[in-house]
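Residue numbers (the working numbering), protein chains in the order written: chain L, 7 to 144; chain Y, 207 to 328; chain S, 230 to 722; chain W, 154 to 639.
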């Protein structure tokens with residue numbers, strides 16, 4: 007679809023905004039609707055759009071498969087790592103309250119990191135699923 | 207009448223569930239089965255969401271300026287649960303479809319009856 | 230202070246290890262991690278069981294949120310025992326996996342295999358440990374999704390269709406379960422199991438609760454492979470990679486049965502299940518028909534892994550039969566058979582894995598004369614088979630004893646007779662293999678096979694010896710199972 | 154050595170022997186030496202228990218608890234002593250014999266043979282010394298399983314078929330009936346310990362009591378009551394030493410021994426006589442005796458004829474037990490010993506004929522007495538003992554059984570005994586006659602069997618006569634048994 011000039015231009019224009027919107031959904035998640043799952047899917051959609059318009063090979067140059075799998079595990083590790091960190095600070099597993107000096111900001115930090123982990127994993131998984139399917143049988 | 211109209215969300219749920227279930231059972235095409243499975247799951251998502259709805263309630267977000275006055279809001283918990291269930295559903299679908307692709311590569315078909323015929327041969 | 234966090238670590242350790250395997254991308258390293266984590270969770274499970282037996286149920290609140298609102302991990306004598314089974318099996322399967330995986334799965338996928346394996350372990354342990362009804366669903370799907378992946382890695386292309394079939398049926402089962410949980414939530418407004426148990430009493434006789442009960446039991450029945458919902462199991466076990474078959478056969482159905490016990494007895498209550506739903510009669514009928522149908526089918530299988538898979542369906546029937554007596558003895562029998570069956574099927578499938586490792590097939594014809602060529606492996610199979618039949622000095626005998634006793638206690642001696650008759654069917658299918666392996670000459674036009682490597686033999690024989698040890702010293706198994714049965718029936722413990 | 158230790162050692166010694174035999178599988182001489190040493194050591198151990206038991210002691214030991222409330226426990230009492238003494242003594246003789254037989258016949262897989270033999274003996278001793286029903290059941294099943302490889306030893310289609318029948322019937326009866334009866338007993342009585350006078354009478358209703366008795370009697374498939382007798386002829390595909398020791402002594406005697414043990418110590422003779430329930434089995438056993446004898450008449454294969462004769466003789470013991478009086482118990486116990494010596498002699502002879510003359514059918518035996526005089530003389534003694542004529546051991550036991558039947562006023566049983574004696578004579582004496590007094594069909598080119606075999610045969614035949622002349626010890630043990638029954 008590379009020769010469709012309209013598609014290319016519109017995609018190029020919109021991809022940065024899609025990503026920005028994903029980041030908004032991600033980090034505004036503790037004040038309004040949003041969170042890691044949604045943000046991850048939106049972020050992944052940006053890559054998928056790119057791959058659809060500019061071809062899988064170009065997309066793979068941006069996000070090679072092993073980088074994607076790397077992010078899948080990093081996100082999950084971040085999530086679980088926050089939980090374990092809470093253990094070391096003397097709380098229960100996933101008890102964010104102990105992460106900072108006072109309980110409220112601790113909760114804040116904790117949920118931010120956990121959702122970030124979720125977002126990374128979801129985005130990477132979405133990209134990976136698309137790449138794998140698109141790559142098959144070529 | 208009230209039994210039917212008053213519980214319309216349940217009727218939709220039951221209809222979708224049976225529809226999905228029927229597709230899973232009756233269709234021999236493996237991709238169609240996955241689609242049926244998706245409908246089947248989606249019906250359950252609807253069930254959860256609809257029973258969490260409180261009439262007249264808003265989204266469960268702290269509204270600035272309301273000043274702590276009581277606000278009616280829908281039960282957020284089913285949404286959270288279903289978010290998880292949707293993720294599970296996506297994973298299932300992805301895995302199911304990838305299996306279908308592998309099956310297609312191994313057998314050259316995705317029709318159930320042809321596959322079972324080929325399995326009988328050796 | 231780490232001991233206080235054992236319940237969380239039980240789940241978190243394999244959960245963290247799974248992405249680590251993906252990050253490291255080395256098959257050997259991933260295997261080492263899998264072994265280390267399996268032993269760690271086994272150690273933790275032992276500690277937890279001791280703690281529970283010494284000082285009663287443990288409750289762990291995730292994130293520090295108090296029980297009815299937050300997710301609670303709750304461990305009593307019932308699930309501590311199941312945790313021990315699952316983690317113990319994993320502790321022997323993980324070392325066993327290396328050689329068979331190297332043989333059956335392409336090198337570049339080894340780390341993914343171990344990652345999926347650890348996720349499956351996480352899921353199974355999670356189902357057992359959690360005290361939250363929805364959390365059960367999440368872990369159920371984690372374990373199911375990873376087991377579909379594991380099964381599809383089998384060498385034969387039939388593994389793919391088997392995995393697909395399992396995926397469809399498993400998803401339907403899990404979704405049924407989800408519907409049931411949703412209806413329960415709609416009636417009680419809580420997802421914490423202990424809380425549900427209290428609140429269900431008030432609304433027990435509504436149709437919604439009945440529907441919820443039906444959905445949950447049918448959904449779990451699918452996962453449990455309860456006859457006639459077992460259709461996914463034989464192929465899944467027959468074509469999965471050897472290590473996966475061992476692990477799933479020894480753990481997956483037990484975990485599903487545990488979940489059923491938990492929901493039927495703890496949440497709905499034995500009285501409700503017995504008097505309102507007539508579950509006992511249903512279960513008993515299905516169990517007995519299942520035992521006979523599956524055993525008879527097993528006799529006619531020439532793929533021995535498939536034969537044992539059918540036998541697994543039959544053995545699930547025994548466990549369910551024990552449960553269906555709704556008495557302390559019956560439940561003790563059912564629960565102890567979970568443990569015992571894990572031991573015997575683990576040993577048997579490990580022996581078959583070793584045969585597959587050397588022969589590349591588990592077809593009965595090719596196993597001629599194997600008793601002489603692979604003496605240790607086949608002897609392990611023989612003892613496992615004895616255990617399956619229920620001969621004395623093996624764990625199988627203990628299970629049979631309690632089942633028969635439970636039947637006689639209720640005065641249902643025909644049931645006892647049926648249990649005994651069905652074990653003779655086990656004689657028939659086990660003996661086919663023994664006869665071929667020991668009293669036939671090896672096929673001439675095939676190369677000579679040698680004994681399996683030590684890395685397969687040692688885990689195999691650990692389970693074989695466990696079969697014998699727990700068949701003559703039952704203080705641990707019966708002690709815990711009896712206490713678990715009492716606590717399920719609300720008689721203390 | 155204390156009695157407790159001796160009991161445990163008696164079970165362990167054959168197992169250690171089995172291990173030694175397996176370890177020396179490359180050195181046949183060493184292997185056979187291990188067998189002989191083990192057998193002798195076992196006999197000495199068992200014999201050392203005789204005097205304490207005769208003195209009224211009951212050495213016992215409890216090993217460990219299997220299921221809460223039920224342990225593996227061992228006890229030496231008179232009935233078990235009789236069985237253990239016979240089994241361990243005849244093992245020595247059989248070992249000597251089988252060395253000659255297995256080598257003379259060039260059998261393969263000899264190590265497996267000797268190993269399984271030793272394990273079978275260990276479990277037979279375990280059956281003899283079992284202190285409760287569960288222990289007995291365990292050793293009973295081990296005995297079944299360890300003898301299965303011996304039956305299928307040849308690995309031919311016929312052997313496998315025979316093995317299937319053997320295992321199938323024995324496991325079927327023991328699992329379907331005996332195990333059920335045992336669990337039932339436990340759930341009714343709350344104990345499985347062998348107790349003089351029985352454990353069931355106070356707890357069970359008459360119907361349950363009678364049902365359990367029937368279940369036990371059919372459940373002990375090794376006693377070969379019809380219709381569960383077919384495993385015994387099927388097992389005749391085994392090498393002759395196996396048929397001799399296991400199917401004349403260890404296995405079948407374990408069966409009738411269990412019958413006696415259950416009758417005396419689970420049900421109690423007096424309770425049985427009072428409550429009833431044994432009559433059905435009495436008549437089943439009587440029918441079996443007659444039918445098996447008639448079938449034996451029609452068998453041309455020598456070993457099969459002996460097998461059917463065994464079935465009918467086993468039913469004597471069951472009949473004796475179910476007459477439920479003192480003479481019956483006495484006769485039954487004695488018959489366990491007396492029949493063992495007679496039947497092993499006969500089987501040894503059959504094996505000797507096979508090895509020396511390669512003959513298996515009765516019709517081929519014309520004139521063989523001239524080529525093999527020692528063997529056929531021994532055969533005659535064994536046959537006389539089967540019929541129950543003096544001066545052989547069979548006379549004594551049959552005499553007591555007859556007394557028991559008279560005391561019980563069971564005229565039908567008396568008739569059965571007389572008729573079966575005639576039938577016994579009908580199928581044994583023609584063999585003796587044609588062996589000595591008929592002309593051989595073809596001139597014999599063979600002589601006696603190997604010396605070790607003939608020696609063993611002589612020993613057994615001698616034993617059969619000696620037991621008639623000096624039955625003292627065994628009679629004393631049997632008398633203690635009815636002394637126990639108040």
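Glycine included, C-beta positions come from ideal geometry on N, C-alpha and C. The structure presented is a predicted model; accordingly, all values stated were derived computationally and were not measured.
CA-to-CA distance, residue j to residue i, given in whole angstroms
i, j, result
"residue 51 of chain L", "residue 76 of chain L", "19 Å"
"residue 297 of chain S", "residue 421 of chain S", "5 Å"
"residue 625 of chain W", "residue 273 of chain W", "29 Å"
"residue 301 of chain S", "residue 292 of chain S", "9 Å"
"residue 514 of chain W", "residue 506 of chain W", "10 Å"
"residue 224 of chain W", "residue 549 of chain S", "28 Å"
"residue 462 of chain W", "residue 328 of chain S", "56 Å"
"residue 245 of chain W", "residue 393 of chain W", "15 Å"
"residue 458 of chain W", "residue 387 of chain W", "12 Å"
"residue 81 of chain L", "residue 45 of chain L", "13 Å"
"residue 317 of chain W", "residue 311 of chain W", "10 Å"
"residue 482 of chain S", "residue 456 of chain S", "12 Å"
"residue 264 of chain W", "residue 271 of chain W", "11 Å"
"residue 441 of chain W", "residue 463 of chain S", "46 Å"
"residue 257 of chain Y", "residue 20 of chain L", "37 Å"
"residue 370 of chain S", "residue 687 of chain S", "32 Å"
Secondary structure of residue i, DSSP reduced to three states
i, result
"residue 217 of chain Y", "helix"
"residue 532 of chain S", "strand"
"residue 722 of chain S", "Here residue 722 of chain S scores only 49 on pLDDT, less than 50, and its place in the model should not be relied on; the value that follows carries that caveat. Residue state, collapsed to three classes: coil."
"residue 622 of chain S", "coil"
"residue 297 of chain W", "helix"
"residue 218 of chain W", "strand"
"residue 283 of chain W", "strand"
"residue 696 of chain S", "helix"
"residue 454 of chain W", "strand"
"residue 235 of chain Y", "strand"
"residue 316 of chain Y", "coil"
"residue 562 of chain W", "coil"
Contact under 9 Å by Cβ, residue i with residue j
i, j, result
"residue 585 of chain W", "residue 529 of chain W", "yes"
"residue 210 of chain Y", "residue 249 of chain Y", "no"
"residue 592 of chain W", "residue 520 of chain W", "yes"
"residue 726 of chain S", "residue 553 of chain S", "No answer is possible for residue 726 of chain S: it lies beyond the span of chain S, which begins at 230 and ends at 722."
"residue 485 of chain S", "residue 465 of chain S", "no"
"residue 641 of chain W", "residue 410 of chain W", "As displayed, chain W neither begins before 154 nor continues past 639, which places residue 641 of chain W out of reach and without an answer."
Neighbour-count burial assignment, residue i, 16 or more Cβ in a 10 Å radius
i, result
"residue 564 of chain W", "exposed"
"residue 496 of chain W", "buried"
"residue 191 of chain W", "buried"
"residue 397 of chain S", "buried"
"residue 639 of chain W", "At residue 639 of chain W, the pLDDT of 33 sits below 50, so the modelled position is not reliable and the matter cannot be decided from this model."
The region 310 to 328 of chain Y touching the region 221 to 235 of chain Y, judged by at least three CB pairs closer than 8 Å: yes
Any 3 or more C-beta pairs closer than 8 Å across the region 237 to 255 of chain Y and the region 399 to 419 of chain S: Touching, per the Cβ criterion.
Segment contact, 8 Å Cβ cut-off, at least three pairs: the region 576 to 583 of chain W with the region 519 to 526 of chain W: no
At least three beta-carbon pairs within less than 8 Å, the region 460 to 471 of chain W to the region 611 to 622 of chain W: no
Touch test, the region 565 to 573 of chain S against the region 516 to 533 of chain S, Cβ-Cβ under 8 Å, three pairs minimum: no
Cβ pair count under 8 Å reaching 3, the region 664 to 681 of chain S against the region 604 to 613 of chain S: Yes, they touch.
Contact between the region 489 to 503 of chain S and the region 613 to 625 of chain S (3+ Cβ pairs under 8 Å): no
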